[in-house]
């Protein structure tokens, strides 16, 4: 994950992403809909309840509202243990929100954005508009909107939690 998000690697990322997605998507389609269910991350973020209900049903796992409030279970007994080395852990400590959907907008070089359709053809295959910048993934539901507002209201608290995770990562790497 670290290597995928380094800004100096951004020009190569769309092509690498497209190749990886092409392989995974082909494998998923060849396995069939009884075994593999393609899911768009953005849709799970924007409309978590219907998507999680569908995913859990596909996996034959009973519904539990806790999937919509994972952040309340982090580091709790019987809850979620998160990796101290995984950079995306800073997202897991927060409630479901739209922050990650637009975090990299404006950071990708213009020439890469301009050539996105040719360097990342899987975008179109998966139903994304490669020319949309910023992308339009749709509207978040009320839960996600409220969560996002809560995060924005409590920026200092989340910044402190993120800094703590970063310090833990740094101490482990030493």
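In full-length UniProt numbering, the protein residues as written are 1 to 174.
For each residue, glycine too, the CB sits at the ideal point set by N, CA and C.
Since this is a predicted model, take the numbers as computed values, not measurements.
Work out the CA separation of residue 150 and residue 54 for me, nearest whole Å. Within the chain shown, the letter at position 54 stands for residue 54. Within the chain shown, the letter at position 150 stands for residue 150. CA-to-CA, the gap between residue 54 and residue 150 works out to about 27 Å.
Going by CA-CA distance only, name the one from 139, 107 and 165 that's closest to residue 14. The residue labelled residue 14 in the question sits at position 14 within the chain shown. Ranking the options by Cα distance to residue 14, first place goes to 107.
In the DSSP assignment, what are the bridge partners of residue 55? Position 55 of the chain shown, counting from 1, holds the residue named residue 55. Answer by DSSP bridge pairing: none, since residue 55 is not bridged.
Within its chain, find whatever has a CB closer than 6 Å to the CB of residue 22; leave out the 5 residues flanking it on each side and keep chain order. Position 22 of the chain shown, counted from the start, is the residue given in the question as residue 22. Within the same chain, residue 22 has close Cβ partners 122.
CB contact below 8 Å: residue 63 versus chain B: The structure shown contains no chain B, having only a single protein chain.
Boundaries of the alpha helix (DSSP H) in which residue 171 is found, first to last residue: The residue you call residue 171 lines up with position 171 of the chain shown. Taken as a continuous stretch (DSSP letters only), the alpha helix (DSSP H) holding residue 171 covers 155-173.
Three-state secondary structure assigned by DSSP to residue 74: Locating residue 74 in the chain shown gives position 74, where the first residue counts as 1. Residue 74: strand per DSSP, three-state reduction.
Helix, strand or coil, according to DSSP, for residue 80 in the structure here? Counting from one through the chain shown, the residue named residue 80 turns up at place 80. Residue 80: strand per DSSP, three-state reduction.
With burial defined as no fewer than 16 other Cβ atoms inside 10 Å of the residue's Cβ, what is the status of residue 1: buried or exposed? Residue mapping note: residue 1 aligns to position 1 of the chain shown, counting from 1. The pLDDT assigned to residue 1 is 38, lower than 50, so where the model puts this residue is not dependable; a value taken from the coordinates is nonetheless given after this. Residue 1 is exposed by the Cβ-count criterion.
Closest Cα partner of residue 57 within the set 35, 152, 42 and 19: Start at 1 with the first residue of the chain shown, and residue 57 comes out as number 57. Of 35, 152, 42 and 19, the residue nearest in Cα terms is 35.
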